[in-house]
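Chemist:
Number of protein chains: 2
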Amino acid sequence: MSILVVGSVAFDSIETPHGRVDHVLGGAATFFSLSASYFTDVRVIGVVGEDFSAENEAVLTRRGIDTRGLEHVAGKSFHWTGSYLKNLNEAQTLKTELNVFETFSPKIPAAYEDSDFLFLANIDPVLQANVRQQMPKVKMVCGDTMNYWIHDHRANLDKVLIGLDALLINDGEAKMLAGEDNLLRAAKKIIATGPKTLIIKHGEYGATAFFSDRSFANEKVGLTAVPFRAPAMPLDAVVDPTGAGDSFAGGFFGYLASQPEATPAAFKRAMFYGGVMGSFAVEKFGTERMQELSRKEIDARFQHFRELSHLE
Amino acid sequence: MSILVVGSVAFDSIETPHGRVDHVLGGAATFFSLSASYFTDVRVIGVVGEDFSAENEAVLTRRGIDTRGLEHVAGKSFHWTGSYLKNLNEAQTLKTELNVFETFSPKIPAAYEDSDFLFLANIDPVLQANVRQQMPKVKMVCGDTMNYWIHDHRANLDKVLIGLDALLINDGEAKMLAGEDNLLRAAKKIIATGPKTLIIKHGEYGATAFFSDRSFANEKVGLTAVPFRAPAMPLDAVVDPTGAGDSFAGGFFGYLASQPEATPAAFKRAMFYGGVMGSFAVEKFGTERMQELSRKEIDARFQHFRELSHLE
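Those protein sequence lines, which keep their order, are chains A and B. If you count the first sequence from 1, you need to add 12 to reach our numbering. If you count the second sequence from 1, you need to add 12 to reach our numbering.
(1) Shortest alpha-carbon distance to M283 (chain A) belongs to which of A:H214, A:D170, A:V36 and A:E114?
(2) In chain A, which residues lie less than 8 Å from V238 (chain B) when you measure between Cβ atoms?
(3) Between K280 (chain A) and chain B, is the shortest Cβ-Cβ distance under 8 Å, so that the two count as touching?
(4) Over the uninterrupted alpha helix (DSSP H) stretch that includes V288 (chain A), give me the two end residues.
(5) Can you find the residues in the same chain that come closer than 8 Å, C-beta to C-beta, to Q185 (chain A), ignoring five residues on each side of it along the sequence?
(6) Between the alpha carbons of M302 (chain A) and F260 (chain A), how many angstroms are there, rounded?
(7) Between the Cα of N101 (chain A) and those of A:L320, A:D183 and A:R313, spot the shortest distance and give me the residue it belongs to.
(8) Can you tell me whether DSSP reads E27 (chain B) as helix, strand or coil?
(9) With the cut-off set at 8 Å, would you say G19 (chain B) and A48 (chain B) are in Cβ contact?
(10) Could you please give the first and the last residue of the uninterrupted alpha helix (DSSP H) stretch that includes N142 (chain A)?
(11) Thinking C-beta only, is A244 (chain A) closer than 8 Å to Y217 (chain A)?
(12) Label D164 (chain A) either buried or exposed according to how many other C-beta atoms from any shown protein chain fall within 10 Å of its C-beta, with 16 as the threshold for buried.
(13) Shorter than 8 Å from the beta carbon of L247 (chain B) to some beta carbon of chain A?
(14) Do G257 (chain B) and F51 (chain B) count as a contact pair if the criterion is CB distance below 8 Å?
(15) For the beta strand (DSSP E) containing R75 (chain A), list its first residue and its last residue.
(16) Measuring straight from C-alpha to C-alpha, what distance separates H316 (chain A) and G61 (chain B)?
(17) Can you name the residues of chain C whose CB is closer than 8 Å to the CB of L323 (chain B)?
(18) Among all the DSSP beta bridges, which residues are the ones paired with L210 (chain A)?
(19) Quick one: any contact between the region 118-133 of chain B and the region 84-92 of chain B, if contact means 3 or more CB pairs under 8 Å?
(20) Determine the direct distance from the alpha carbon of A66 (chain A) to that of A199 (chain A), and round the result to whole angstroms.
(21) What does the Cβ neighbour count give for T73 (chain A), buried or exposed, with the cut at 16 atoms within 10 Å?
(22) Between N194 (chain A) and chain B, is there a C-beta pair that is closer than 8 Å?
(23) What does DSSP give as the partner residues of R55 (chain A) in its beta bridges?
(24) Going by other Cβ atoms of all chains shown within 10 Å of its Cβ, with 16 needed for buried, is G31 (chain A) buried or exposed?
(25) Against P243 (chain A), what residues of chain B qualify as contacts under a CB-to-CB distance less than 9 Å, listed in chain order?
(26) Quick one: what's got a C-beta closer than 6 Å to L130 (chain A)'s C-beta in the same chain, skipping five residues either side?
(27) If you follow the alpha helix (DSSP H) that A103 (chain A) is in, where does it begin and where does it stop?
(28) The beta strand (DSSP E) that contains L130 (chain B), what's its start and end?
(29) Please tell me whether D53 (chain A) and V36 (chain A) are closer than 8 Å, where the distance is taken between their beta carbons.
(30) What residue range does the alpha helix (DSSP H) around V150 (chain B) cover?
(31) Helix, strand or coil, according to DSSP, for K296 (chain A) in the structure here?
(32) Return the residue from the list A:F292, A:P239, A:A178 and A:L106 that minimises the CA-CA distance to L268 (chain A).
(33) Can you pull the chain A neighbours of H163 (chain B), defined as C-beta to C-beta under 9 Å?
(34) Based on DSSP bridge pairs, tell me the residues matched to F90 (chain B).
(35) Which residues in chain A sit within 9 Å of R301 (chain B), going by Cβ to Cβ distance?
(36) I need the straight-line Cα distance from R226 (chain A) to L247 (chain B), nearest angstrom please.
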């Protein structure tokens with residue numbers, strides 16, 4: 013099944029203990045699309061400026077990603093400058109230049125209207141809601157957000173959350189969203205008024221999915237009580253954490269879209285694939301690693317994740 | 013098989029967001045013993061003062077723990093005062109009164125000499141080495157330590173580490189011990205010069221075992237590359253984190269001692285039992301929860317851990 017993703021396509025300038033790069037291709041929708049492209053058809057909606065080259069776009073199209081929804085306008089592309097020198101687990105934003113993103117108004121090409129799944133990457137919840145409304149027939153909607161929208165745009169965000177099949181956020185965001193320091197209580201609180209399922213990403217410690225009795229159409233028993241935790245793989249070099257969460261989302265949602273039905277078993281495997289794609293993303297700067305993978309390599313690491321976490 | 017444990021038997025005064033308790037039974041050897049007692053025979057070596065009552069001792073003996081190695085001397089028992097009000101994941105030590113522990117010199121009763129396994133809880137590495145030397149015939153030795161010994165008593169500690177089958181420490185301790193911020197690289201560095209296997213505890217995110225080609229007598233293949241990660245269970249109330257790590261160690265080592273052989277499969281199940289016992293420990297203040305469990309309850313939670321983390 014096809015996935016439509018809306019979010020940022022951008023340039024990133026990043027410094028980590030392993031080096032620095034300037035104006036490399038980035039953005040949540042880019043990482044998500046590349047990651048999901050190993051599993052299913054992906055269509056992207058976003059906006060870029062005149063500095064976005066044919067070669068930049070080819071990074072996406074080479075992976076079979078449909079970029080007809082990528083609007084090219086006058087001006088410069090969104091540019092994020094960040095540092096991981098102080099803390100490899102949390103980006104310090106040095107500069108955010110929204111540029112063409114400031115006036116972004118998502119338009120959905122007619123060719124995208126039959127998309128099966130929708131991913132609302134981390135952007136203004138007003139835009140997320142806008143796209144959601146334009147895609148009334150999608151089978152499943154997942155979304156991401158961040159502290160800024162939780163803190164300063166709560167009312168708008170709440171309208172998006174209530175329509176999500178799954179929300180993917182990290183520990184800090186979940187605690188902030190719920191106003192609750194205990195993760196399980198926070199998860200219960202978020203699910204009570206928002207998404208059917210909540211996935212909380214723990215960085216190097218993996219991710220946990222919290223289910224509700226609305227999570228699955230045909231299988232309700234037992235899932236309210238037991239969350240599901242996917243591991244992450246200990247890596248001896250985290251070169252650049254940028255895009256790990258979006259790559260997780262792409263692996264998770266891409267795998268789920270490739271399955272005939274979103275059963276609990278498929279959902280759990282999707283969590284593992286999310287972890288797998290996140291673990292690849294951080295091995296090189298920017299999207300470099302996400303461009304060059306093979307499904308064989310991905311499945312080998314999936315087996316590695318299983319070996320890492322399963323009893324015999 | 014029987015386990016001999018040497019470590020602190022103490023009183024704790026604790027405050028957490030859930031309340032406060034004064035002078036409750038605690039200490040690493042106490043938590044370890046209670047936890048391991050659900051799996052195998054446990055013998056304890058430690059020292060207590062005149063304030064240690066018959067009822068305190070009965071907490072151990074009721075669980076079948078052999079306390080003949082618990083020395084009673086004049087003075088007060090070790091007393092630790094700590095707070096989790098600032099951070100539930102890390103104790104803030106308010107006061108450490110060593111009391112009778114200051115002059116503790118472990119003596120091993122003749123009846124303990126045939127112990128099969130040895131656990132060196134977090135005490136002065138000089139005492140750990142002393143006990144280790146008195147027990148040359150044990151089949152397996154595991155140990156714990158903490159920042160203070162790593163930082164200020166490194167040479168003594170190194171002598172202990174090199175003789176360990178497994179070292180159990182937390183993330184911060186592993187990074188400090190290796191002088192390395194990446195956990196996998198830290199683990200490799202520690203294993204290169206010390207214990208055969210390293211277990212790093214991640215608190216609410218579980219624990220990871222890092223193996224070496226010395227970890228298992230008869231099965232070497234593949235284990236050098238793939239660590240093993242046991243989950244922790246999301247809990248909606250962490251009442252008191254004190255003793256979680258020692259209870260993990262007791263579940264891990266106790267289960268391993270109950271098995272005919274320390275195979276990789278048994279070792280991995282032991283990691284899960286460690287997580288299970290740690291998850292129980294934090295549900296009530298002090299050792300309360302560890303006193304009242306049943307093996308049935310423990311095995312039910314073991315299944316819960318499996319459901320939480322296993323693909324179908």
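Every residue gets a Cβ at the ideal spot worked out from N, C-alpha and C, and that includes glycine. Model, not experiment: these values are computed from the prediction.
Modeler: Quick answer:
(1) Among A:H214, A:D170, A:V36 and A:E114, the Cα nearest to that of M283 (chain A) is on A:H214.
(2) Neighbours of V238 (chain B) on chain A, chain order: H316, E319 and L320.
(3) The beta carbon of K280 (chain A) sits closer than 8 Å to some beta carbon of chain B.
(4) Membership of V288 (chain A) in the alpha helix (DSSP H) is indicated by the continuous run P276 to A293.
(5) Residue identity check: residue 185 (chain A) is Glu in the sequence provided, not Gln. Correct list, in chain order: T157, M158, N159 and I162.
(6) For M302 (chain A) and F260 (chain A), the distance between alpha carbons rounds to 11 Å.
(7) Nearest C-alpha to N101 (chain A): A:D183.
(8) If DSSP states are grouped into helix, strand and coil, E27 (chain B) belongs with the strands.
(9) No, the pair does not count as a contact, with Cβ atoms beyond the cut-off.
(10) Residues P137 to Q146.
(11) Here Y217 (chain A) is near A244 (chain A), since their CB atoms are less than 8 Å apart.
(12) So D164 (chain A) ends up on the exposed side.
(13) Yes, contact with chain A.
(14) No; because the gap between Cβ atoms is not below 8 Å, this pair is not in contact.
(15) First-last for R75 (chain A): undefined, no H or E at that position.
(16) Per the coordinates, the alpha-carbon of H316 (chain A) lies some 51 Å from the alpha-carbon of G61 (chain B).
(17) Here the protein chains are A and B, and chain C is not one of them.
(18) Within the DSSP secondary-structure output, L210 (chain A) pairs in a beta bridge with A:L179 and A:F222.
(19) Between the region 118-133 of chain B and the region 84-92 of chain B there are fewer than three inter-stretch CB-CB distances shorter than 8 Å, so the stretches are not counted as touching.
(20) Between A199 (chain A) and A66 (chain A), the C-alpha separation is close to 43 Å.
(21) When all chains shown are included, T73 (chain A) counts as exposed.
(22) Interface criterion met: the Cβ of N194 (chain A) is under 8 Å from a Cβ in chain B.
(23) Under DSSP, R55 (chain A) forms a beta bridge with A:L16 and A:D78.
(24) Looking at its Cβ environment, which holds fewer than 16 other Cβ atoms inside 10 Å, G31 (chain A) is exposed.
(25) Chain order gives the chain B residues near P243 (chain A) as G218, T220, R241, P243 and S321, where near means a beta carbon separation below 9 Å.
(26) The answer, listed in chain order, is L16, M147, V150 and V153.
(27) Taken as a continuous stretch (DSSP letters only), A103 (chain A) belongs to no alpha helix (DSSP H), as it is neither H nor E.
(28) F129 to L132 is the extent of the beta strand (DSSP E) around L130 (chain B).
(29) Cβ distance not < 8 Å, so D53 (chain A) and V36 (chain A) don't count as in contact.
(30) Segment: none, V150 (chain B) is in no alpha helix (DSSP H) and carries neither H nor E.
(31) Of the three classes helix, strand and coil, the one that applies to K296 (chain A) here is coil, per DSSP.
(32) Of the listed residues, the one whose Cα sits closest to L268 (chain A) is A:A178.
(33) Correct list: empty, because the minimum Cβ distance to chain A is about 22 Å.
(34) For F90 (chain B), which the question treats as bridged, DSSP gives the partners B:A22.
(35) The contacting residues do not exist; R301 (chain B) stays about 17 Å from chain A at best.
(36) Near 21 Å, if we compare the C-alpha coordinates of L247 (chain B) and R226 (chain A).
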